[in-house]
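Chains as they are written, first to last, in the numbering used here: chain A, 1206 to 1622; chain B, 1206 to 1622.
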């Protein structure tokens, strides 16, 4: 994973992965729709549907927040079977902290979708995003299921991506193609999320589809690995919501011989999936509320990968570090202090800290004023890297994050009724 | 501890603890000074000294940040002996990330202080606060030691409290008296800290003195317990520095029979010490940069105290929650989401959340608009409580914190050269 984190563009070239337009309907065997069900007061699209032509092999990863929304509880239960016919997603209401009624409503949302599609309801997963503590408006949800089922198309991916947006300023889609067994395999996805902008707003949803032929166990392993290096490495404000979900479906239509860890094309498939998830996760960070800087925190030389991750995460979540990025201040002292309380092994006399390629702190030696000018120049760009080399071992990790600006506070402090 | 957290005013009345003026020189057996040594460019006081008339029983608690400043490394080593004659503290330079030279300088600072006082250098502890990555200006440090030793007085506590300030807007002192064995025992302290305001600034230093007669082991136990419910419960921005230190010295001059856990007056002493530390810690939070609200986060009904602490800390560190306080938004959804990712056991259908005495969320039931008005009124005060009752057990905890305002970002993003 360390080598991959360093430069997946190398792997991309090696594996012959090319990006293409589209999202969840790029891969063969899937149709989608995004419609106005009237859940959102704004009148914008708020009900999305992704349906497999035939029940697909599936895997899913859910939030670790102990306060899990009803759709998460239901979908987690059903995804365990490894087969999914459709995923229904609504925005405008998270159906979280809604108790037994909320769970009943989640089941009914799935049932209405299943009925409209003519599939088994146990093969339908549901996701919700929006305000916490409000029940789903069930008449609208049922309308949404019917309208979406009737509107399904092979080009419906963009509408679906739009229908799951809440405070996102842009819809988020990405797709790639990779050669496996001489076949062209497509992997495409959509997601939503930009930090918990409006109060009581749930955060991150992702759906990925592929036409690869792959077993449920292998798909689950590939997805978990991909989520780990992508969505789980994207930090906006450090809070993980009650509704975070990533669901993946595989139709098998590409006709490759079934993928598994032993398949010669496995690494290529895994890398292509990771590329899709990383790009989608980056889009979430880039849309982080009030963000002015996209920062990639790279940690190397830790005693192990787990330590590297602790350091990267501590830096990416530190309010002090993030405000310094907003202020174009190459404040390595805050970076090293964050590394110091992360729990990782660290020796400040061995550590090095870089902004871009410029060294700010080198094993006890501090950058002089000329270097500070160069460091500030790095930070003027809308996107830059902060690299920490602990020089203790081979552990590495990468986290994607953004700065903390005045607008973040402004947006998040708005009063809500 | 749970009962104590709930209302130490009760204990205060029971134990006959009264607050008095002063700080580290309130207790008999200590003298102090605060002088201008020329370490700070501003020309303000920057060298403090606390000296015991005769070597005192001592205990100390240090930062858990793995990047520990040289003064912390040295003082931690020496404090283990349980006897301290003096503590020298400088502001303007943290002597952190300064390698072997930094440690040699810390030793020399102690040696110069010891020489000026005529005491054994191994009985002198040092503390530093200020910019990280710069070496101590040793000529000024040595001047400071001489000047401070010459200026020692029984009223020097206020000058010392001033000399340890960096970005604090006020000096921080507090003292109480409590009756033990029919003797009047005094406990007084000073501290500095208000979050890492200026880049590369170290955070929290505290010194507490008492004239109680107490053994080193008992003092260490009492101090650790007090630090745990006070300084370790004060959250400004969630970052702990490279220099955090609390040192306590006991002169024995009060003449009580030696305190230990078996002494009938032990609880009274411990409560008085906790009062001093809690008041000092609250002063740090109240001086949090840009803070407009002082918030006490109380968690009850957790499965155990450790879980309660996780929840309280997660809430107090959440940028989303803290910005909602700034915005006077009774956003219980963010509070429960923070509790949900804290790692504690939680059932959202059993949890209750209050702002002051007003309930915002009650086991699945959300506050209506009339209640929201009442909630906002609570938040208009400069200080209020946010209480979470998990209704799962008897675990409880309290954390003191402040909101996250526009000024926090503004102050922390200022460019530094």
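Built from N, CA and C at the ideal position, the CB exists for glycine as well.
Does residue 1285 of chain A pass the burial test, meaning 16 or more other C-beta atoms within 10 Å, or should it be called exposed?
Position 80 of the first chain, counting from 1, holds the residue named residue 1285 of chain A. By the neighbour-count rule (16 or more Cβ atoms within 10 Å), residue 1285 of chain A is not buried but exposed.
Please name the residues in the segment 1332-1362 of chain B whose beta-carbon is closer than 8 Å to at least one beta-carbon of chain A, in chain order.
Cβ contacts with chain A come from 1336, 1337, 1338 and 1339.
Within its chain, find whatever has a CB closer than 6 Å to the CB of residue 1425 of chain B; leave out the 5 residues flanking it on each side and keep chain order.
Numbered from its first residue, the second chain carries residue 1425 of chain B at position 220. Same-chain partners within the cutoff: 1264.
Which runs of the alpha helix (DSSP H), 4 residues or longer, sit entirely within the segment 1524-1578 of chain A?
With a minimum length of 4 residues, the unbroken runs of alpha helix (DSSP H) contained wholly in the segment 1524-1578 of chain A fall at 1524-1531 and 1537-1546.
Give me the residue from B/1560, B/1457 and B/1254 with the minimum Cα distance to residue 1351 of chain B.
Reading the second chain from its first residue, position 146 is the one you call residue 1351 of chain B. Cα-wise, what sits closest to residue 1351 of chain B is B/1254.
Is residue 1614 of chain A close to chain B, meaning its C-beta is less than 9 Å from at least one C-beta of that chain?
Reading the first chain from its first residue, position 409 is the one you call residue 1614 of chain A. By this cut-off, residue 1614 of chain A is an interface position.
Could you tell me the distance, in whole angstroms, from the CA atom of residue 1370 of chain B to the CA atom of residue 1438 of chain A?
As a working mapping, residue 1370 of chain B is identified with position 165 in the second chain. As a working mapping, residue 1438 of chain A is identified with position 233 in the first chain. Taking the straight line joining both Cα atoms gives about 38 Å.
Using the three-state DSSP reduction, which class does residue 1240 of chain B fall into: helix, strand or coil?
Locating residue 1240 of chain B in the second chain gives position 35, counting from the first residue. Reduced to three states, the DSSP call for residue 1240 of chain B is strand.
For the alpha helix (DSSP H) holding residue 1399 of chain B, just list the boundary residues, first then last.
Stepping through the second chain from its first residue, residue 1399 of chain B is reached at position 194. Where residue 1399 of chain B is concerned, there is no enclosing alpha helix (DSSP H), given that its DSSP letter is neither H nor E.
If you run the structure through DSSP and keep just helix, strand and coil, what is residue 1508 of chain B?
Mapped onto the second chain, residue 1508 of chain B falls at position 303. Residue 1508 of chain B falls in the coil class under three-state DSSP.
For the structure I just gave you, are there three or more beta carbon pairs, one from the segment 1387-1400 of chain A and one from the segment 1410-1421 of chain A, closer than 8 Å?
yes
Residue-chain proximity (residue 1304 of chain B, chain A), Cβ-Cβ < 9 Å
Residue 1304 of chain B sits at position 99 when you count from the first residue of the second chain. At least one beta carbon of chain A lies nearer than 9 Å to the beta carbon of residue 1304 of chain B.
In chain order, each alpha helix (DSSP H) run of at least 4 residues that lies wholly inside the segment 1446-1500 of chain B
1471-1491
Using the beta-carbon count (16 or more within 10 Å), is residue 1279 of chain A buried or exposed?
Your numbering for residue 1279 of chain A matches position 74 in the first chain. Its Cβ being crowded by 16 or more others within 10 Å, residue 1279 of chain A is buried.
Once the 5 residues before and after residue 1625 of chain B are set aside, which same chain residues still bring their CB inside 7 Å of it?
In this structure chain B extends from 1206 to 1622, so residue 1625 of chain B is not present and cannot be described.
Does the segment 1570-1584 of chain A come close enough to the segment 1476-1489 of chain A to have 3 or more Cβ pairs within less than 8 Å?
no
Using a Cβ-Cβ distance cut-off of 9 Å, determine whether residue 1273 of chain B contacts chain A.
As a first step, residue 1273 of chain B must be located in the second chain, where it is residue number 68. True, the Cβ-Cβ gap to chain A drops below 9 Å.
Check each residue of the segment 1517-1541 of chain B: if its Cβ is closer than 7 Å to any Cβ of chain A, include it; give the result in chain order.
1523, 1524, 1525, 1528, 1529, 1531, 1532, 1533, 1534, 1536, 1538, 1539 and 1541
Residues of the segment 1538-1562 of chain B with a CB closer than 9 Å to any CB of chain A: list them in chain order, please.
1538, 1539, 1541, 1542, 1543, 1544, 1545, 1546, 1547, 1548, 1549, 1550, 1551, 1552, 1553, 1554 and 1556
What are the boundary residues of the beta strand (DSSP E) that residue 1588 of chain A is part of?
Taking the first residue of the first chain as position 1, residue 1588 of chain A is located at position 383. It spans 1588-1594 - the beta strand (DSSP E) in which residue 1588 of chain A sits, taken as one unbroken run.
Could you say which of A/1333, A/1283 and A/1602 lies nearest to residue 1325 of chain A if we only look at CA atoms?
Start at 1 with the first residue of the first chain, and residue 1325 of chain A comes out as number 120. The residue with the shortest Cα to Cα distance from residue 1325 of chain A is A/1283.
Compute the Euclidean distance between the alpha carbons of residue 1603 of chain A and residue 1504 of chain A, then round it to the nearest angstrom.
Your numbering for residue 1603 of chain A matches position 398 in the first chain. Your numbering for residue 1504 of chain A matches position 299 in the first chain. For residue 1603 of chain A and residue 1504 of chain A, the distance between alpha carbons rounds to 6 Å.
Can the beta-carbon of residue 1553 of chain A be found less than 9 Å from the beta-carbon of residue 1272 of chain B?
The residue given as residue 1553 of chain A occupies position 348 in the first chain. The residue given as residue 1272 of chain B occupies position 67 in the second chain. A contact, by the Cβ cut-off of 9 Å.
Contact set for residue 1545 of chain A: own chain, Cβ-Cβ below 7 Å, skip 5 residues either direction
Taking the first residue of the first chain as 1, we reach residue 1545 of chain A at position 340. The answer, listed in chain order, is 1551.
DSSP bridge partner residues for residue 1255 of chain B (one or two, in chain order)
As a working mapping, residue 1255 of chain B is identified with position 50 in the second chain. Beta-bridge pairing links residue 1255 of chain B to B/1237 and B/1292.
Can you give me the Cβ contacts of residue 1166 of chain A inside the same chain, cut-off strictly under 7 Å, excluding the 5 residues immediately before and after it?
Any property of residue 1166 of chain A remains undetermined from this structure, which presents chain A solely from 1206 to 1622.
Could you have a look at residue 1279 of chain A and say whether DSSP puts it in helix, strand or coil?
The residue labelled residue 1279 of chain A in the question sits at position 74 within the first chain. DSSP places residue 1279 of chain A in helix when its eight states are reduced to three.
When you compare the segment 1242-1260 of chain B with the segment 1344-1364 of chain B, are there three or more beta-carbon pairs, one atom per stretch, that lie closer than 8 Å?
yes
Would residue 1609 of chain B pass as an interface residue toward chain A - the criterion being a Cβ-Cβ separation below 9 Å?
Position 404 of the second chain holds residue 1609 of chain B. By this cut-off, residue 1609 of chain B is an interface position.
Compare the C-beta of residue 1500 of chain A against all C-beta atoms of chain B and say whether one is closer than 9 Å.
Indexing the first chain from 1 puts residue 1500 of chain A at position 295. For residue 1500 of chain A, the answer is no, since every Cβ of chain B falls outside 9 Å of its Cβ.
Bounding residues of the beta strand (DSSP E) (the contiguous stretch that carries residue 1271 of chain B):
Position 66 of the second chain, counting from 1, holds the residue named residue 1271 of chain B. Note, residue 1271 of chain B: premise wrong, no beta strand (DSSP E); not H, not E.
On a CA-only basis, which of B/1593, B/1473, B/1251 and B/1319 is nearest residue 1385 of chain B? Give me that one, please.
In the second chain, the residue the question calls residue 1385 of chain B occupies position 180. It is B/1473 whose Cα lies nearest to the Cα of residue 1385 of chain B.
At the 9 Å Cβ level, is residue 1472 of chain A part of the contact set with chain B, yes or no?
Residue numbering aside, residue 1472 of chain A sits at position 267 when the first chain is read from its first letter. No, residue 1472 of chain A does not count as interfacial toward chain B.
Give the C-beta separation of residue 1534 of chain B and residue 1600 of chain B to the nearest angstrom, bearing in mind that I take them to be a contact with Cβ-Cβ under 8 Å.
Indexing the second chain from 1 puts residue 1534 of chain B at position 329. Indexing the second chain from 1 puts residue 1600 of chain B at position 395. Contact doesn't hold; Cβ gap of about 28 Å is too wide.
Give me whichever residues DSSP pairs with residue 1419 of chain A in a beta bridge.
The residue you call residue 1419 of chain A lines up with position 214 of the first chain. Answer is A/1464.
Do the CB positions of residue 1465 of chain B and residue 1422 of chain B come within less than 9 Å of each other?
Translated into positions along the second chain, residue 1465 of chain B becomes position 260. Translated into positions along the second chain, residue 1422 of chain B becomes position 217. In this structure, residue 1422 of chain B lies closer than 9 Å to residue 1465 of chain B by Cβ.
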